Structure formats: structure tokens, C-alpha cells
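Chains as they are written, first to last, in the numbering used here: chain V, 1 to 113; chain F, 114 to 227.
For reference, the structure is listed below as C-alpha cells.
Next up, the structure:
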């Protein structure tokens, strides 16, 4: 089946710094990638949808200047959490699709101190 | 608009006994429905999906779900639980067959006792 990877799997950073999370589709070309956020013991909330070569579409309430998404190629999307604060601590999950079902990455746990 | 309600946040069963995880949905259009499983600190794995074909859908690891339009339900079942089934399960609805624009239920944590 299709494989999606994320890097890093977990990251700890200081408040005020920026963190980049990578999402890669390893064996298929992903025309669309999605970024989700999952709070502890909560469900997944869609943050944004990104199509290769175009600007991401953000869900209501998600700050696009804080959560920068780049989808530069058909196999890579990046999420950069800028000027991270402790409330940004969460589990971030990406998914990728090439017009079929979404395939999910293993997630990245971010802890902001 | 679409929404998903998972009726139980936690379900506990004994190993070898049946599993029932309940899900109700609402959708303005003919929905596609999915069940995903998430093991601790892992990504989501697709268990099964319904996309307007047979109403009884068989998935991986012995799971199946039945789409009941009259009840707007898509409950997940398994005849006999294994310890390895302990995980978080998400019922998900989408209004397109491709599975984009997913709306997630709140999740049900399945615990399996030896």
C-alpha cells in the first residue's frame, strides 16, 4: 500500500523558535496533502489542504502566518510552526492522496517548552 | 454539512468476545464512510470504507461495518477481539468518493482485557 512518512517523529523546541515538519509520499505522487492537528485524547482537526504548486487552503480559525505550508513537489509538503508557543504543542499528522483515499503519516509530536 | 458522532468514547471488552463500536453520521449528500484505527503515537490506518456499493463492508483484521441509511449508522464490529485490537478508532465521513474533505468522529478507545 501507499506509504507516507513524516520527519521528525517528535521534536522539542523552545518557545519563540520555529519548527519544520516534513511529510513525504514515498511510493506515489501526491497531488494533494492535508495537515491535521490532534489534541490529547481528541479527534483530528483539519488544518489545511495543500495542492502541489499552489497556496494552501486553511480551515477557519487556523492562522496561515503561523502555520506555513509549502507543497513544492508531488512527494513533499512541509509545515512550519513559526514562533512556537506552548499552546502549539500537539500531534501533527499529514495525509496524502493522488485522487484516491487519503494515506496518513505516522504523525509528529511537537512539544514547545 | 456533514458530521459524525461516535456514541462511546471508551469501550472495554474481554479477549475473544465481540466488539461493537457505534457511529452515526449526518450528511447532506450521499456519504462515503470510513473507519480508521490509530495505535498509540502512530498514524491512522484504514480499516474499511463504504462508497455506495455493498452495505456490508469487510475490512482488514476481521473487522466489518454495515451501512444503514435508515438509521444513519455505520457501526464497526468484530466477532472476536484480540489484544492487538486495543487502539483508538475513528469513524469518518466524506461527501466525495475520493475520500477528500474528511470529517472525523470524536474517536472510541477500545480496551481489550485478557
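Where a beta carbon is used, it is the ideal one built from N, C-alpha and C, also for glycine.
In this text the structure is predicted, and so the values were computed from the model without any measurement.
Three-state class that DSSP yields for residue i in the structure shown
i: residue 224 of chain F; result: strand
i: residue 197 of chain F; result: helix
i: residue 124 of chain F; result: strand
i: residue 118 of chain F; result: strand
i: residue 206 of chain F; result: strand
i: residue 3 of chain V; result: coil
i: residue 216 of chain F; result: strand
Among the options, nearest to residue i - alpha-carbon criterion
i: residue 27 of chain V; options: V:74, V:60 and V:55; result: V:74
i: residue 107 of chain V; options: V:24, V:71 and V:16; result: V:24
i: residue 128 of chain F; options: F:146, F:196 and F:179; result: F:196
i: residue 187 of chain F; options: F:167, F:130 and F:152; result: F:167
i: residue 69 of chain V; options: V:30, V:111, V:35 and V:18; result: V:35
i: residue 82 of chain V; options: V:112, V:49, V:67 and V:71; result: V:67
i: residue 145 of chain F; options: V:110, V:109 and V:101; result: V:101
Neighbour-count burial assignment, residue i, 16 or more Cβ in a 10 Å radius
i: residue 65 of chain V; result: exposed
i: residue 37 of chain V; result: buried
i: residue 151 of chain F; result: buried
i: residue 169 of chain F; result: exposed
i: residue 32 of chain V; result: buried
i: residue 119 of chain F; result: buried
i: residue 18 of chain V; result: exposed
i: residue 191 of chain F; result: buried
For residue j and residue i, the rounded distance between their alpha carbons
i: residue 79 of chain V; j: residue 143 of chain F; result: 33 angstroms
i: residue 14 of chain V; j: residue 177 of chain F; result: 45 angstroms
i: residue 92 of chain V; j: residue 42 of chain V; result: 12 angstroms
i: residue 105 of chain V; j: residue 20 of chain V; result: 15 angstroms
i: residue 61 of chain V; j: residue 130 of chain F; result: 43 angstroms
i: residue 3 of chain V; j: residue 89 of chain V; result: 25 angstroms
i: residue 173 of chain F; j: residue 160 of chain F; result: 6 angstroms
i: residue 53 of chain V; j: residue 72 of chain V; result: 6 angstroms
i: residue 156 of chain F; j: residue 203 of chain F; result: 12 angstroms
i: residue 114 of chain F; j: residue 214 of chain F; result: 11 angstroms
i: residue 163 of chain F; j: residue 6 of chain V; result: 28 angstroms
Contact test: residue i Cβ vs the ligand SAM heavy atom, cutoff 7 angstroms
i: residue 91 of chain V; result: Ligands displayed in this structure: none; no statement on the ligand SAM is therefore possible.
Original post:
Of all the beta strand (DSSP E) runs that stay within the bounds of the segment 5-82 of chain V, which reach a length of 3 or more residues?
Top reply: 10-13, 19-25, 32-38, 44-51, 67-73 and 76-81
Check: Where in the segment 163-195 of chain F do unbroken runs of the beta strand (DSSP E), each at least 3 residues long, occur, reported from the N-terminal end onward?
Finding: 169-171, 177-181 and 186-191
Every unbroken alpha helix (DSSP H) within the segment 134-164 of chain F, with a cutoff of 4 residues, ordered by chain | none
Beta strand (DSSP E) runs contained entirely in the segment 85-112 of chain V, provided each spans 3 or more residues: 90-97 and 108-112
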